[in-house]
Amino acid sequence: MPKIRVLSLNTLYKDKPRVRLRALAEVLADSDYDVVCLQELSLPPSFGLIRSLTKTSFPYAAHGTRLPTVAGGLLTLSRVPLVGHRYHVVAAPAKWRADVVMRRGVLVARFAVDGEFFTVTNTHLSPNHETDWSQAAPFTRVQQAELARMAQAIRRIDSGEPVIAVGDFNVPRDSWLFEGFQAASGLRDAFDGDAATTFRPVPGWDGAALDQILVSPGVPAKAEVVMQEKVRMGDGQDRYLSDHYGVAATIG
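Residue numbers (this note's numbering): 2 to 253.
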């Protein structure tokens with residue numbers, strides 16, 4: 002497959018989102034990323050802002066339906082031609098209105114570079130607010146089911162083409178849940194098990210490696226955690242771009 006650079010970032014929907022998204026757009030324009038997968042852009046104003054600011058540097062974009070909110074809060078941007086895309090809901094029907102509207106799922110986008118095709122999947126799965134990923138924890142059943150549905154969607158992709166799966170999985174890289182997903186999807190961890198946090202530590206919690214990059218077996222990949230420092234915003238203040246760090250990889 003062609004050598005490409007891929008980035009995934011949970012953008013954080015609150016705390017001066019418009020200021021941070023403007024700063025993010027500038028960072029992305031100056032970057033070497035070919036494909037950028039963003040999460041937590043459910044609100045149409047935030048989605049519209051980042052898309053309008055990135056159209057020049059990233060002319061191609063994939064997303065699900067946009068009303069009443071953007072499906073899954075997902076947006077995939079690209080400098081390379083987009084061949085097609087589709088959205089699969091992986092969350093089970095929920096009684097809470099916010100969960101119904103969110104429609105958590107996986108955004109599957111297919112690209113072509115010099116006649117070579119590859120697919121990038123972007124996701125943001127349900128968060129485990131208790132931060133308890135033990136097998137006995139009740140919410141892990143919800144996460145396990147979502148991961149299983151996403152693995153099924155990935156398995157349906159043409160097996161002859163490379164697949165890159167990224168996003169905020171909301172399960173730690175060193176957990177049994179992530180290990181099970183690797184086995185079910187047939188993909189391998191581009192971080193090779195490195196469990197350094199991708200969530201900015203807060204008092205009482207040191208974070209976890211919740212954001213992931215996986216690739217088809219045999220596809221070279223070197224992954225890294227990025228966007229860990231504050232940046233100068235348009236209002237003159239220095240802030241973090243998100244409560245998550247970005248994860249990036251050179252692939253191919």
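For each residue, glycine too, the CB sits at the ideal point set by N, CA and C. The structure presented is a predicted model; accordingly, all values stated were derived computationally and were not measured.
* Return helix, strand or coil for residue 181, following the three-state DSSP convention. => In the sequence shown, the residue the question calls residue 181 occupies position 180. Here residue 181 sits in helix by DSSP.
* Asked: Buried or exposed: residue 53, going by 16 or more other Cβ atoms within 10 Å of its Cβ?
  -> For the purposes of this step, residue 53 is taken as the residue at position 52 of the sequence shown. Answer is exposed; the Cβ neighbour count stays below 16.
* Express the C-alpha separation of residue 160 and residue 42 in angstroms, rounding to a whole number. => Here the question's residue 42 lines up with position 41 in the sequence shown. Here the question's residue 160 lines up with position 159 in the sequence shown. Their backbone Cα atoms lie some 30 Å apart in a straight line.
* C-alpha gap between residue 12 and residue 142, whole angstroms -> Within the sequence shown, the letter at position 11 stands for residue 12. Within the sequence shown, the letter at position 141 stands for residue 142. Spanning the two alpha carbons is a distance of roughly 26 Å.
* **Three-pair Cβ contact test at 8 Å for the region 144 to 157 versus the region 31 to 38** => no
* Asked: Taking the continuous alpha helix (DSSP H) assigned at residue 49, which residues delimit it?
  -> For the purposes of this step, residue 49 is taken as the residue at position 48 of the sequence shown. 45 to 55 is the span of the alpha helix (DSSP H), which, as asked, contains residue 49.
* Which residues bound the alpha helix (DSSP H) around residue 20? -> By one-based count along the sequence shown, residue 20 stands at place 19. Taken as a continuous stretch (DSSP letters only), the alpha helix (DSSP H) holding residue 20 covers 18 to 30.
* **Distance CB(residue 216)-CB(residue 240) smaller than 8 Å** => Position 215 of the sequence shown, counting from 1, holds the residue named residue 216. Position 239 of the sequence shown, counting from 1, holds the residue named residue 240. No, Cβ-Cβ distance for residue 216 and residue 240 is not below 8 Å.
* Can you tell me which of the three DSSP states residue 40 falls into? => Residue mapping note: residue 40 aligns to position 39 of the sequence shown, counting from 1. Note: residue 40 maps to strand in three-state DSSP.
* How long is the line joining the alpha carbons of residue 59 and residue 242, rounded to whole angstroms? -> Residue 59 sits at position 58 when you count from the first residue of the sequence shown. Residue 242 sits at position 241 when you count from the first residue of the sequence shown. So the two alpha carbons sit approximately 19 Å from each other.
* Asked: Hey, residue 126 and residue 170 are a contact pair by Cβ (cut 8 Å); roughly how many whole angstroms apart?
  -> Position 125 of the sequence shown, counting from 1, holds the residue named residue 126. Position 169 of the sequence shown, counting from 1, holds the residue named residue 170. That belief holds up - the Cβ atoms of residue 126 and residue 170 are roughly 5 Å apart, short of 8 Å.
* **Helix, strand or coil at residue 131 according to DSSP, with G and I counted as helix** => In the sequence shown, the residue the question calls residue 131 occupies position 130. Note: residue 131 maps to coil in three-state DSSP.
* Asked: According to DSSP, is residue 199 helix, strand or coil?
  -> Counting from 1 along the sequence shown, the entry for residue 199 is found at position 198. Looking at residue 199 - three-state DSSP - the assignment turns out to be coil, as it is neither helix nor strand.
* To do: Could you spell out the range, first to last residue, of the beta strand (DSSP E) harbouring residue 213?
  => Numbered from its first residue, the sequence shown carries residue 213 at position 212. Note, residue 213: beta strand (DSSP E), 212 to 216.
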